[in-house]
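Before any comments, here is the structure.
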Ligand code: E4P
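Numbering (the numbering used here), first residue to last: 9 to 234.
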């Protein structure tokens, strides 16, 4: 499963990219507003930090303007994936931008039929929003199960299921169990993936016992120099 980070915060992106475990970045207009940065500058900078796909969303709702915006965004970096909403105009824009060789992420997907159409339009990624469905007492992960199952019936489809609106680590676990290709998550959720209190407790005990031995793995001079 690929891990994308869902943020426009450059500090978080730099920090998490340094782990070598981040495969891409997703942004949306709300995240850009939160970061308080010039949108195009931020996308250029993110593309230079993370080599994988960086989603940058159009803000027009009509096809012609979406295409014009998408072409501008695609030029910001070789790894830009233009994000379009799952509307009929967005699907038309997806099809056209894909024919020009641009990666496209079709976002705001809330049903299996929408996901089928995104794949038919040649989307590189489709983004079903699990958290927002859970928020209204629907089952977000059931939608992921439906989409993964449907796409598997048609092996020629290359669209990747990008699980979005992830709110906690168990969303990541459930998405991975279903075989979703990608999960995009806020930096805090990514950091929660590797944290465990028993790891911290066990490490503290090992280090305390090691100290009692009076030994060091590196030569003493090297330890002192560090
Ligand atoms: C990602 O592409 C989406 O924009 C994002 O995951 C939405 O998350 P939210 O529902 O927490 O705003």
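Glycine included, C-beta positions come from ideal geometry on N, C-alpha and C.
Model, not experiment: these values are computed from the prediction.
Next on the checklist: I'd like to know if the region 139–149 and the region 50–66 are in contact, where contact means that at least 3 CB-CB pairs between them fall below 8 Å.
Outcome noted: Result no; under three Cβ-Cβ pairs closer than 8 Å.
Checklist entry - What separation, rounded to the nearest whole angstrom, lies between the Cα atoms of residue 56 and residue 74? => result Residue 56 and residue 74: Cα-Cα distance of roughly 24 Å.
Checklist entry - Taking the alpha helix (DSSP H) that residue 35 falls in, what are its first and last residues? => result Counting along the chain, no alpha helix (DSSP H) covers residue 35, and no H or E run does either.
Checklist entry - So is the beta-carbon of residue 194 under 8 Å away from any non-hydrogen atom of ligand 1? => result Checking every heavy atom of ligand 1 against the Cβ of residue 194, one is found closer than 8 Å.
Checklist entry - What do you reckon, is the C-beta of residue 174 under 8 Å from a heavy atom of ligand 1? => result Yes, ligand 1 has a heavy atom inside 8 Å of this Cβ.
Checklist entry - Are residue 119 and residue 99 touching if we call contact CB-CB under 9 Å? => result Against a cut-off of 9 Å, the Cβ pair of residue 99 and residue 119 comes out as no contact.
Next on the checklist: Does the distance between the C-beta of residue 39 and the nearest non-hydrogen atom of ligand 1 fall short of 8 Å?
Outcome noted: For ligand 1, at least one heavy atom lies less than 8 Å from the Cβ of residue 39.
Item to check | residue 91 beta carbon near ligand 1 (any heavy atom closer than 8 Å) | outcome: Residue 91 Cβ: within cutoff of ligand 1.
Checklist entry - Would you say residue 137 touches ligand 1, meaning its beta carbon is less than 8 Å from a heavy atom? => result For residue 137, the distance from the CB to the nearest heavy atom of ligand 1 is below 8 Å.
Checklist entry - Which first and last residues belong to the alpha helix (DSSP H) in which residue 311 is found? => result Any answer about residue 311 is impossible in this case: the structure gives the chain only from 9 up to 234.
Checklist entry - What do you get for residue 162, buried or exposed, if any count of 16 or more other CB atoms within 10 angstroms of its CB means buried? => result By the 10 Å Cβ count, residue 162 comes out exposed.
Item to check | Contiguous alpha helix (DSSP H) assignments of at least 4 residues, all confined to the region 80–148 | outcome: Within the region 80–148, the complete alpha helix (DSSP H) runs of at least 4 residues are 96–107, 120–128 and 138–143.
Item to check | Helix, strand or coil at residue 68 according to DSSP, with G and I counted as helix | outcome: In the structure shown, residue 68 sits in coil (DSSP, three-state: anything other than H, G, I, E or B).
Next on the checklist: Per DSSP, what are the beta-bridge partners of residue 171 in this structure?
Outcome noted: Its beta-bridge partners are 191.
Checklist entry - What are the start and end residues of the beta strand (DSSP E) that includes residue 13? => result Membership of residue 13 in the beta strand (DSSP E) is indicated by the continuous run 10–14.
Item to check | Option nearest residue 170 by Cα separation, candidates 34, 27, 26 and 25 | outcome: Selected option, being the one with the closest Cα: 34.
Next on the checklist: Does residue 62 come out as helix, strand or coil in the three-state DSSP assignment?
Outcome noted: If DSSP states are grouped into helix, strand and coil, residue 62 belongs with the strands.
Item to check | Neighbourhood of residue 91 by C-beta, 6 Å cutoff - its chain only, sequence neighbours within 5 removed | outcome: Answer for residue 91: 63, 65, 113 and 115, listed in chain order.
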